[in-house]
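*Asks:*
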Amino acid sequence: MLLPGEESCLSTLSMDLDGSEQDPEVKEYSPVCVGREDDIKKSKRMTAVVHDREVVIFYHKGEYHAMDIRCYHSGGPLHLGEIEEFDGRPCIVCPWHKYKITLATGEGLYQSINPRDPSAKPEWCSKGVKQRIHTVTVDNGNIYVTLSKEPFKCDSDFYATGDFKVIQSSF
Ligand code: FES
251 MLLPGEESCL STLSMDLDGS EQDPEVKEYS PVCVGREDDI KKSKRMTAVV HDREVVIFYH
311 KGEYHAMDIR CYHSGGPLHL GEIEEFDGRP CIVCPWHKYK ITLATGEGLY QSINPRDPSA
371 KPEWCSKGVK QRIHTVTVDN GNIYVTLSKE PFKCDSDFYA TGDFKVIQSS F
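Its first residue numbered 251, the sequence shown is counted upward by one per residue in our numbering.
Below is the structure:
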């Protein structure tokens, strides 16, 4: 049974926010409705397939974040990870090998010490952007995800495209 508002979300799955039909040539750049704001505020996370790409959407401390669902390291299921703060930055911790990925930027974080000074306190460092981050918008209680158009090669692309892509896999 559909709840109030669900029907309007589902009916816009293949439409732009303005309600126009998508042009197949640019459909990967169009926002896709993935669910209702009320639902993700309760569940704190949800998964979706957006233009043939599997993503996870988190609702954390009043903000939405979307990223490729499979971890850039080895394809781990990020939607099953815990969110923790490292160096004041909220991160998803991959359940497979505990890599830490910032929700806001997709950077991989690690701790480093100076080997010439073993007494020094370990510091958090960034490996750079490793996980592709997508844009979340809210319109009339519906959550939309727009895939990243950033042209750089992101490590998580390996598991989101090509031979290693597994849509709706049973993790
Ligand atoms: S697969 Fe995510 S840390 Fe290894």
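From the three backbone atoms N, C-alpha and C, an ideal C-beta is built for every residue, glycine too.
As the structure is a computational prediction, the values presented were derived from the model and not from experiment.
Checking the sheet assignment: what are the DSSP bridge partners for Leu359?
*Replies:* According to DSSP, Leu359 bridges with Lys350 and Ser376.
*Asks:* Ile319 by DSSP, collapsed to three states: which one?
*Replies:* Note: Ile319 maps to coil in three-state DSSP.
*Asks:* How many angstroms separate the CA atom of Pro281 from the CA atom of His301?
*Replies:* Pro281 and His301: Cα-Cα distance of roughly 9 Å.
*Asks:* Report yes or no: do the stretch 357-376 and the stretch 285-302 share at least 3 C-beta pairs separated by less than 8 Å?
*Replies:* Cβ pair count under 8 Å is below three, so no.
*Asks:* Just tell me which of Lys399, Ile351 and Thr387 has its CA closest to the CA of Arg320.
*Replies:* Ranking the options by Cα distance to Arg320, first place goes to Ile351.
*Asks:* Starting from Asp389, trace the beta strand (DSSP E) in both directions and tell me its first and last residue.
*Replies:* Ile383 to Asp389 is the span of the beta strand (DSSP E), which, as asked, contains Asp389.
*Asks:* Is it the case that the stretch 287-300 contacts the stretch 382-392, given that we only count it when at least three CB pairs across the two stretches are under 8 Å?
*Replies:* Touching, yes.
*Asks:* Taking DSSP as the reference, what is the three-state secondary structure of Ser406?
*Replies:* Looking at Ser406 - three-state DSSP - the assignment turns out to be coil, as it is neither helix nor strand.
*Asks:* If we count the other Cβ atoms within 10 Å of its Cβ and call it buried at 16 or more, is Ile342 buried or exposed?
*Replies:* Burial call: buried.
*Asks:* Considering only residues of the same chain and omitting the five flanking positions on each side of Tyr409, which have a CB-CB separation below 6 Å?
*Replies:* The residues are Arg320 and Gly325.
*Asks:* For Gly285, which of helix, strand or coil comes out of DSSP?
*Replies:* It is a strand residue.
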